[in-house]
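S.K.:
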Amino acid sequence: MSISTDTTDNYAIITIDDDKLGGLLAPDLKANFVQLGADGTRNVIVNLENARYCDSSGLSALLVGNRLCADVGGTFVLCCLNDMVMKLIQISQLESVLNITPTKQEAIDFIMMDEVGRELDNE
Numbered sequence: 002m003s004i005s006t007d008t009t010d011n012y013a014i015i016t017i018d019d020d021k022l023g024g025l026l027a028p029d030l031k032a033n034f035v036q037l038g039a040d041g042t043r044n045v046i047v048n049l050e051n052a053r054y055c056d057s058s059g060l061s062a063l064l065v066g067n068r069l070c071a072d073v074g075g076t077f078v079l080c081c082l083n084d085m086v087m088k089l090i091q092i093s094q095l096e097s098v099l100n101i102t103p104t105k106q107e108a109i110d111f112i113m114m115d116e117v118g119r120e121l122d123n124e
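Using the working numbering, you'd call the opening residue of the sequence shown number 2 and step up by one each time.
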């Protein structure tokens, strides 16, 4: 499989190890999102540094991940997008729907800040 997952206490990082996020990889990615949710993970980072191409199936899989995280009060972040993938997101007018950061560390920081905000809201 061209997807690797690293899980911590607060989030999971899914790395797309293939240069194409499309029809062949999208079902596995969706299944990975579902499994993470079943395991109790509510915050997910998708590292797209290796993905040079994304089609509508790949974009659909990312939107599924975003929805699953939102449904459980979590945060979904894309990081390390190349220009082609970012253009697809912009053309699809999804840059205001998806959380996007330039680096993996910024994605981690984004999630940690959201976690702090949720904890403060619960006090």
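Glycine included, every Cβ here is placed at the ideal spot set by N, Cα and C.
(1) My assumption, with CB atoms under 8 Å, is that Ile14 sits in contact with Ala52. Please give the rounded CB distance.
(2) Excluding the five sequence neighbours on either side, which residues of its own chain have a C-beta within less than 8 Å of the C-beta of Thr9, listed in chain order?
(3) Taking only runs that begin and end inside the region 66-107, name each unbroken alpha helix (DSSP H) of 4 or more residues, in chain order.
(4) What would DSSP say about Ser5, mapped onto helix, strand or coil?
(5) How many whole angstroms separate the CB atoms of Leu22 and Gly59, which I take to be in contact at a CB cut-off of 8 Å?
(6) Would you call Asn48 buried or exposed, if buried means 16 or more other Cβ atoms sit within 10 Å of its Cβ?
(7) Whose C-beta lies closer than 6 Å to the C-beta of Lys31 among residues of the same chain, with five residues either side of it excluded?
(8) Provide the residue(s) that pair with Leu22 in DSSP beta bridges, ordered along the chain.
M.R.: Per the coordinate set shown:
(1) Position 13 of the sequence shown, counting from 1, holds the residue named residue 14. Position 51 of the sequence shown, counting from 1, holds the residue named residue 52. Ile14 to Ala52, Cβ: 14 Å. No contact.
(2) For this step, residue 9 is matched to residue 8 along the sequence shown. Cβ neighbours of Thr9 beyond the five flanking positions: none.
(3) 84-92
(4) In the sequence shown, counting from the first residue as 1, residue 5 sits at position 4. Three-state DSSP puts Ser5 in a strand.
(5) Against the sequence shown, residue 22 aligns to sequence position 21. Against the sequence shown, residue 59 aligns to sequence position 58. With 8 Å as the limit, Leu22 and Gly59 qualify as a contact, their Cβ atoms being about 3 Å apart.
(6) For the purposes of this step, residue 48 is taken as the residue at position 47 of the sequence shown. By the neighbour-count rule (16 or more Cβ atoms within 10 Å), Asn48 is buried.
(7) Translated into positions along the sequence shown, residue 31 becomes position 30. Closer than 6 Å at the Cβ level, and outside the excluded window around Lys31, lie Ala62 and Val65.
(8) Along the sequence shown, read from residue 1 onward, the residue named residue 22 stands at position 21. BP columns for Leu22 point to Cys55.
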